[in-house]
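Residue 1 is where the sequence shown starts when you use the UniProt record's numbering, and the numbers rise one by one after that.
Quick reminder that beta carbons are idealized off the backbone N, C-alpha and C, glycines included.
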Amino acid sequence: MQQRQPIDVTAFSLMVIFCMIMGGQQVAIKAVSTDMDPIVQLALRSLFAAVLILTYMRYKKERFVSEWGAIKYGILAGIFFALEFFLLGEALTRTTAAHAVVFLYSSPIFTALILHLFVPSERMSLLQWGGILIAFSGIGIIFWEPSSMDASGTFIGDILAFLAALAWSLTTVIVRCTSLSKVPAKQVVFYQLIVGFTLLAMTSTVTQQWHFNSTPLVWINLIFQSVIVSFLAFLVWFWLLGRYQASQIGILSFMTPLFGVVFGYLLLGEHLDKQFLIGSVFILSGIFVVNSSSWVLRKIHRLQQAKK
1 MQQRQPIDVT AFSLMVIFCM IMGGQQVAIK AVSTDMDPIV QLALRSLFAA VLILTYMRYK
61 KERFVSEWGA IKYGILAGIF FALEFFLLGE ALTRTTAAHA VVFLYSSPIF TALILHLFVP
121 SERMSLLQWG GILIAFSGIG IIFWEPSSMD ASGTFIGDIL AFLAALAWSL TTVIVRCTSL
181 SKVPAKQVVF YQLIVGFTLL AMTSTVTQQW HFNSTPLVWI NLIFQSVIVS FLAFLVWFWL
241 LGRYQASQIG ILSFMTPLFG VVFGYLLLGE HLDKQFLIGS VFILSGIFVV NSSSWVLRKI
301 HRLQQAKK
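This is the structure:
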């Protein structure tokens, strides 16, 4: 088995690019939402990315795991994947991309809590509980001001993005705690994309959210979301996980919402009030603590061993 390397310049550079891409996707959806309903964008990008992944797997001669258990849980993961994107799409019609990306990427705190409750080997450390407390304090800071619950719908949009994070965390738990954990990553993502496309397309039809004004920017956006975000960035992510220490890669992923906030401000001209910025610092700090706790505890243990 290949020994995982610590982070080097190559890995750090790729992670910066990866986080920029992932942080920019909510901004991209919001940017063309007047020409193409977000739910349509998310449905089509899921379809196109699923075709690309299937084509890549065929090219690499990678076979599908066809056991019913994998298929069953793949469909279940796809249902929560579709729910996440539906909630995110609805959130982006009501709140800013900056708000949406910060709340969406609070997902690790839900994942840690759920795993702590149901998986004995995933009990949280005291340091992680501290991170959870910091993150929820940030959420409280953002929602504390009564003016955040105004008629503009921003408050509802924030709640929907928060629920999207919960749906994402449930998808993660399903993948980690079922037979899907032994299925190739590309196949797991394919399940999520194809089920997600099916359910999002059905929802778009039922809710009559199918507005699609064909413009060059819309097509550039679709190519970016399908080819760059959902396909190439995915391949880079798993290439990194295959060669570098997963804990260090996970720590660097906290940059994603930072880029999302910056892009929302620079490209969409979104207003960033002081309360949101302070709350975001708390949320992102808490997520960083939760993600990096294992690495920090290992460092402390090694220092203690070195002193003996």
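| Check | Outcome |
| --- | --- |
| Please determine, among Met-22, Thr-215, Trp-144 and Gln-208, the residue with the shortest C-alpha to C-alpha distance to Lys-274. | Trp-144 |
| Within 10 angstroms of the Cβ of Arg-298, are there 16 or more other Cβ atoms? Answer buried if so, exposed if not. | exposed |
| In chain order, what residues of the same chain have a beta carbon less than 6 Å from the beta carbon of Ser-125, not counting five sequence neighbours either side? | Ser-293 |
| Using a threshold of 8 Å, state whether the C-beta atoms of Val-27 and Ala-97 are closer than that. | yes |
| Counting Cβ pairs closer than 8 Å, one from the stretch 154 to 167 and one from the stretch 60 to 71, do we hit at least three? | no |
| Is it a yes or a no for the stretch 38 to 46 touching the stretch 241 to 258, going by three-plus beta-carbon pairs under 8 Å? | no |
| Let's test the definition: count the other Cβ atoms within 10 Å of the Cβ of Ser-121 and tell me whether it reaches 16, buried, or not, exposed. | exposed |
| From which residue to which residue does the alpha helix (DSSP H) around Arg-58 run? | 38 to 59 |
| Let me make sure I understand the geometry here. Which of Ile-17, Gly-89 and Gly-74 has the alpha-carbon closest to that of Thr-203? | Gly-89 |
| Excluding the 5 residues preceding and the 5 following Ala-151 in the sequence, name in chain order all residues of the same chain whose CB lies nearer than 8 Å to its CB. | Note on Ala-151: pLDDT 44, under 50, position unreliable in the model; no value is reported. |
| Where does Phe-254 sit, in a helix, a strand or coil, going by DSSP? | coil |
| Can you check whether the CB of Leu-232 is closer than 8 Å to the CB of Leu-258? | no |
| Using CA atoms only, rank isn't needed, just tell me which of Phe-118, Ser-181, Val-261 and Arg-243 is closest to Met-20. | Val-261 |
| Distance, Cα to Cα, Phe-86 vs Thr-207? | 11 Å |
| So who's on the other strand from Leu-5, going by DSSP bridges? | For clarity, residue 5 is Gln in the given sequence; the question names Leu instead. Tyr-244. |
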